[in-house]
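Visitor: Encoded as structure tokens, here's the structure I'll be asking about.
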Amino acid sequence: MLQKPSCCFFIYRMLPPIAQQITIQLIWKGSFPKADDVEITKSIKDQVKLLEELGIVHRQPDDKLKIDPDYKKAYMYAAMLGAASISSLVLETNDEKRRGKEVEKKAVERWDCILRYLALPSEENTQAVSETTRNLFKKANFTRGDKTIDITKTGFQFLLLSPVKQMWTYVIEYLKLEMSKGQDIVEVIEPLIQIVLLANRVQVAGFKAEKECYRIDPDWTIPQQELLNHLRELGVIFIRKRKDGVFFLTHLLTHLSTNETTDDTSAEKVSMGKVIVETNFRVYAYTSSLLQLAIIALFTEMTYRFQDMSVGMITRDSVREALQHGITAAQIISFLRANAHPQCIATSGPVNCLPITVADQIRLWEDERRRMDLKDAYVYSHFESDDEFHGVCQFATQRGILLWADYQKKLVIVNEEGHEHVRQWYKQEKTKEN
Amino acid sequence: MVNVKKGVLVTSDPAFRQLLIHLDDSRQLGSKFIIRELDDTHLFIEKEIVPMLESKVEQIMENMNPETNDNK
Chain L
9 MLQKPSCCFF
19 IYRMLPPIAQ
29 QITIQLIWKG
39 SFPKADDVEI
49 TKSIKDQVKL
59 LEELGIVHRQ
69 PDDKLKIDPD
79 YKKAYMYAAM
89 LGAASISSLV
99 LETNDEKRRG
109 KEVEKKAVER
119 WDCILRYLAL
129 PSEENTQAVS
139 ETTRNLFKKA
149 NFTRGDKTID
159 ITKTGFQFLL
169 LSPVKQMWTY
179 VIEYLKLEMS
189 KGQDIVEVIE
199 PLIQIVLLAN
209 RVQVAGFKAE
219 KECYRIDPDW
229 TIPQQELLNH
239 LRELGVIFIR
249 KRKDGVFFLT
259 HLLTHLSTNE
269 TTDDTSAEKV
279 SMGKVIVETN
289 FRVYAYTSSL
299 LQLAIIALFT
309 EMTYRFQDMS
319 VGMITRDSVR
329 EALQHGITAA
339 QIISFLRANA
349 HPQCIATSGP
359 VNCLPITVAD
369 QIRLWEDERR
379 RMDLKDAYVY
389 SHFESDDEFH
399 GVCQFATQRG
409 ILLWADYQKK
419 LVIVNEEGHE
429 HVRQWYKQEK
439 TKEN
Chain F
3 MVNVKKGVLV
13 TSDPAFRQLL
23 IHLDDSRQLG
33 SKFIIRELDD
43 THLFIEKEIV
53 PMLESKVEQI
63 MENMNPETND
73 NK
């Protein structure tokens, strides 16, 4: 894969900044300078390790680092030509008839559809998403149940992620799904990378999604076509009709092309933030987005619904229901804070925009369900000697796996992961004694 | 030879521990499930019983908790 200019350029873009530096230095100079700072040296080491794992950098016998020759060649080639041309997708002139209408708007709708299905699994929303997506969410543990679909804890966390992370999570889960079917994913990754590389074009000022379209390569295999269909469902690309043989790029594509570490949330902050929570547990949501309302409805009792605003009530029952779904109080609180109305933030700050009484009460409702704390564990009893007991105790404490010990009863309890360690350690001790 | 047993360590307040012991004694879940009573706040119980125990506890707590929410 490293030999493909498109792939290698894509990987380069996704690398963390330090690793990018190292790669560039190695390509052009064959070495990179040492940092004086211990902290930085350590982070450089980590990045080099990452590059080695990716097979971009090889360590030579004399401990010098060398860039992979194939990668170097491919990178140079790609850098010369630029991202758009190496993606080798053919730009087609668009005639009036095939022109897509309101591409951007439809793209956003598509993506909302998927999130809505997750947040609000009704009959109508279920039909709006494809079978594969449904399977995908189930495999990824976002939903559970066959006929009536329920959102799980991971699913809720997914809803709270930023769009960039959501999209990547979706794509990665999709690739995982393909892999579990025994599909060779390299085949599918290629068009994906090609399309993502085109994202630069979307970011150029004056880009009109309606004007540019790319030809769908008739040579693409069925899995590759499948992927295209999927990206279409995500709203990343837009296909008006399949027989047109062309697709359009949309702004959502930028989500896939941004490096996760440079996650830009400034744009969201402007668009989000429409929820006011009062000390009397009333929630006002100034939004008409079904998706946002669906998320809020997960833990509130909705009472009124108007054109552009809805009123709900946080009650013990509604929060308990959310908690029973595996949603945690901390998640609810952080959601309400993240989506607080700008005015609330202005008057009471980013933390207190959610009244303290409400936040505390939500936590209390959670604690009320957690009267007991359960941990899988192993108990050791009937020790042969005091020394043996103390030995196990000490070992477990050092490892940080000790949960409970009693010196009178000579009982030791370690956590589940610790059991194997203790077993091995115990065997070792025994052989030492004999 | 050291004895090893797999199970679940329960950490709770003493009052709640008494409730669990009561459930164990009265066999409300069909059988005994406490393996060892460790101390005031800890119990060691069977792993298999956990889902059943959790729903039972939920039910009991719900019965003891009349709707106090009057700001509805």
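Residue numbers (my numbering), protein chains in the order written: chain L, 9 to 442; chain F, 3 to 74.
Every residue gets a Cβ at the ideal spot worked out from N, C-alpha and C, and that includes glycine.
(1) At least one CB of chain F closer than 9 Å to the CB of D384 of chain L: is that the case?
(2) Kindly list the residues whose CB is nearer than 7 Å to the CB of I26 of chain L, restricted to its own chain and excluding five residues on each side of it in sequence; keep chain order.
(3) Counting Cβ pairs, one atom from each stretch, are 3 or more of them under 8 Å apart for the segment 410–421 of chain L and the segment 389–402 of chain L?
(4) Can you tell me the Cβ-Cβ gap for W373 of chain L and L344 of chain L, rounded? I've got them flagged as a contact below 8 Å.
(5) By the 10 Å Cβ neighbour count, where 16 or more other Cβ atoms means buried, how is A17 of chain F classified, buried or exposed?
(6) Kindly indicate if chain L contains any beta-carbon less than 9 Å away from that of H44 of chain F.
(7) Might you give, ordered along the chain, the residues of its own chain that have their beta carbon closer than 8 Å to the beta carbon of R328 of chain L, omitting 5 neighbours on each side?
(8) Return yes when the Cβ of S342 of chain L is within less than 9 Å of the Cβ of E198 of chain L, no when it is not.
(9) Report yes or no: do three or more beta-carbon pairs, one from the segment 5–15 of chain F and one from the segment 39–54 of chain F, lie closer than 8 Å?
(10) Could you name the residues of the segment 10–31 of chain F whose beta carbon sits closer than 8 Å to any beta carbon of chain L, in the order they occur along the chain?
(11) On the DSSP bridge assignment, give the partners of L39 of chain F in chain order.
(12) So, does the segment 343–361 of chain L touch the segment 310–321 of chain L, judging by three or more C-beta pairs under 8 Å?
(13) On the CB-based measure, 16 or more other CB atoms within 10 Å of its CB, does D76 of chain L come out buried or exposed?
(14) Write down every uninterrupted run of the alpha helix (DSSP H) in the segment 293–344 of chain L whose length is 4 residues or greater and which is fully enclosed by it, in chain order.
(15) With C-beta atoms as the reference, is S14 of chain F less than 9 Å away from R313 of chain L?
(16) Below 8 Å on C-beta distance, what does N65 of chain F contact in chain L?
(17) Going along chain L in order, which residues have a C-beta closer than 7 Å to the C-beta of K8 of chain F?
(18) Based on DSSP bridge pairs, tell me the residues matched to S14 of chain F.
(19) Listed from N- to C-terminal order along the chain, which residues in the segment 49–60 of chain F have their beta-carbon within a distance smaller than 9 Å of any beta-carbon of chain B?
(20) Got a sec: is the Cβ-Cβ distance from I36 of chain F to anything in chain L below 9 Å?
(21) Could you work out which residue in L:S297, L:M88, L:I30, L:W36 is closest to T49 of chain L when comparing CA atoms only?
(22) Going by CA-CA distance only, name the one from L:L167, L:I201, L:E241 that's closest to R118 of chain L.
(23) If you measure between the beta carbons of A181 of chain L and L126 of chain L, is that distance less than 9 Å?
(24) How far does the alpha helix (DSSP H) with N237 of chain L in it reach, from first residue to last?
(25) Here's a check: name, in chain order, each residue in its chain whose Cβ is nearer than 7 Å to the Cβ of L239 of chain L, leaving out the five neighbours to either side.
(26) Quick check: D384 of chain L and E428 of chain L, are their CB atoms within less than 9 Å of each other?
(27) Using a beta-carbon distance below 9 Å, is K417 of chain L in contact with chain F?
Guide: Concretely, from the data shown:
(1) It does; some Cβ of chain F falls within 9 Å.
(2) If we look at I26 of chain L and ignore the five residues flanking it on each side, its Cβ neighbours are S51, I52, Q55.
(3) Flag = yes, the segment 410–421 of chain L and the segment 389–402 of chain L touch.
(4) About 14 Å; that fails the 8 Å criterion.
(5) The residue in question, A17 of chain F, is exposed, as its Cβ has fewer than 16 Cβ neighbours within 10 Å.
(6) Answer yes: the Cβ-Cβ gap between H44 of chain F and chain L drops below 9 Å somewhere.
(7) Within the same chain, R328 of chain L has close Cβ partners W373, R377.
(8) Contact: no.
(9) They touch, by the three-pair rule.
(10) Residues passing the 8 Å Cβ filter: V10, L11, V12, T13, S14, D15, F18, L22.
(11) According to the sequence shown, residue 39 of chain F is Glu rather than Leu. Paired residue(s): F:L45.
(12) At 8 Å Cβ cutoff, the stretches do not touch.
(13) Residue environment: D76 of chain L is assigned as buried (16 or more neighbouring CB atoms within 10 Å of its CB, all protein chains considered).
(14) Taking only runs of at least 4 residues, the alpha helix (DSSP H) segments lying wholly in the segment 293–344 of chain L are 298–305, 324–332.
(15) No, these two residues do not count as a Cβ contact at 9 Å.
(16) Residues of chain L passing the Cβ test: none, with the nearest at roughly 14 Å.
(17) Those within 7 Å of K8 of chain F in chain L are Y386.
(18) In the DSSP output, where bridge partners are listed per residue, S14 of chain F has L:M380.
(19) Included in the structure are the protein chains L and F, with no chain B among them.
(20) Chain L contact via Cβ: absent.
(21) For the set L:S297, L:M88, L:I30, L:W36, the Cα lying nearest the Cα of T49 of chain L is the one of L:I30.
(22) The option with the nearest alpha carbon to R118 of chain L is L:E241.
(23) The amino acid occupying residue 181 of chain L in the given sequence is Glu; Ala does not appear at that position. Not closer than 9 Å, so no.
(24) If you look at N237 of chain L, you'll find it in the alpha helix (DSSP H) that goes 230–242.
(25) Excluding sequence neighbours, L239 of chain L sits near I203, I245.
(26) No; because the gap between Cβ atoms is not below 9 Å, this pair is not in contact.
(27) Chain F has a Cβ within less than 9 Å of the Cβ of K417 of chain L.
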